[in-house]
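Step one of this worksheet: look at the structure below.
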Amino acid sequence: MNDTIDIRIQSNPKMMRLVRKTIAQASEMVGFSERDVHAVTLAVDEGCTNIIRHCYRGSKVGDIVIRIRMYEDRIEIALRDFGEAIDVGKLRDCVEKRRQELETAGPVRPGGLGVMLIHSVMDKVHYKTSPHSGTVLRLVKYLSVEREKKIAGKST
Numbered sequence: 001m002n003d004t005i006d007i008r009i010q011s012n013p014k015m016m017r018l019v020r021k022t023i024a025q026a027s028e029m030v031g032f033s034e035r036d037v038h039a040v041t042l043a044v045d046e047g048c049t050n051i052i053r054h055c056y057r058g059s060k061v062g063d064i065v066i067r068i069r070m071y072e073d074r075i076e077i078a079l080r081d082f083g084e085a086i087d088v089g090k091l092r093d094c095v096e097k098r099r100q101e102l103e104t105a106g107p108v109r110p111g112g113l114g115v116m117l118i119h120s121v122m123d124k125v126h127y128k129t130s131p132h133s134g135t136v137l138r139l140v141k142y143l144s145v146e147r148e149k150k151i152a153g154k155s156t
């Protein structure tokens, strides 16, 4: 399998239902467990929500381009916005700070958990920014070895 789905939506929260359904169906086609289908769908939902909220600041006029690539062993999803580029270094610092807050069971501030969730459920997360063309968030989730064996009919 080597299939691609491209979607272009406006930065409107009402479009998220369509995105979630498409991501869930694509994840099922790859062979992910129900749990992983939900995890991938949630990660993409969080990514799109962050684009709407932070890059376009709630405006419904910006575009989000979503490219879903389905392979035998993984799904790759790219979310591209054309809004204000994010500071990747600042984002990494924020994720690390939130992780430390949660690990030490100290006081946890509201917000900022979405990016951490994305990092925790996806196998690879990569941001590429450009001052004049927004940001691309690339997400990769691999099938587990057990799932791969089942799909290949080699389950023991």
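Per UniProt numbering, the sequence shown starts with residue 1, numbered consecutively. We treat Cβ as the ideally placed atom computed from N, Cα and C, and that holds for glycine.
Fill in: Three-state secondary structure (DSSP) of S155
Note on S155: pLDDT 44, under 50, position unreliable in the model; the coordinate value appears next. Of the three classes helix, strand and coil, the one that applies to S155 here is coil, per DSSP.
Worksheet entry | Per-residue DSSP class, three states only, for A26 | Of the three classes helix, strand and coil, the one that applies to A26 here is helix, per DSSP.
Fill in: For R8 and K60, the rounded distance between their alpha carbons
K60 and R8 have their C-alpha atoms some 13 Å from each other.
Worksheet item: When burial is assigned at 16 or more other CB atoms within 10 Å of the CB, is residue 162 buried or exposed?
Response: There is simply no residue 162 to check, as the chain begins at 1 and stops at 156 in what is shown.
Fill in: Cβ-based burial, residue 159 [other Cβ within 10 Å; buried from 16]
Here the chain comprises residues numbered 1 to 156, so residue 159 is not present and cannot be evaluated.
Worksheet item: Leaving out five residues before and five after T4 in sequence, what residues of the same chain have Cβ atoms less than 6 Å from its Cβ?
Response: Excluding residues up to 5 positions away in sequence, R69 lie with their Cβ nearer than 6 Å to the Cβ of T4 in the same chain.
Discussion item. Comparing C-alpha positions only, which one of G83, K128, K124 and L137 sits nearest to H54?
Written reply: G83
Worksheet item: Do L117 and E46 come within 8 Å of each other at the CB atom, strictly closer than that value?
Response: yes
Worksheet item: Going by alpha carbons, who is nearest to H126 out of I86, I52 and E72?
Response: H126 has its Cα closest to that of I86, out of I86, I52 and E72.
Discussion item. Going by DSSP in three states, H54 sits in which element: helix, strand or coil?
Written reply: helix
Worksheet item: Using the C-alpha atoms, what's the distance from S120 back to L139?
Response: 11 Å
Fill in: Beta-bridge partners of A39, as assigned by DSSP
In DSSP, A39 forms no bridge with anything.
Item to complete: Pick out whichever of T129, V88, A26 and M16 has its Cα sitting closest to the Cα of R80.
Response: The shortest C-alpha separation from R80 is found at T129.
Worksheet item: Distance, Cα to Cα, D63 vs L113?
Response: 24 Å
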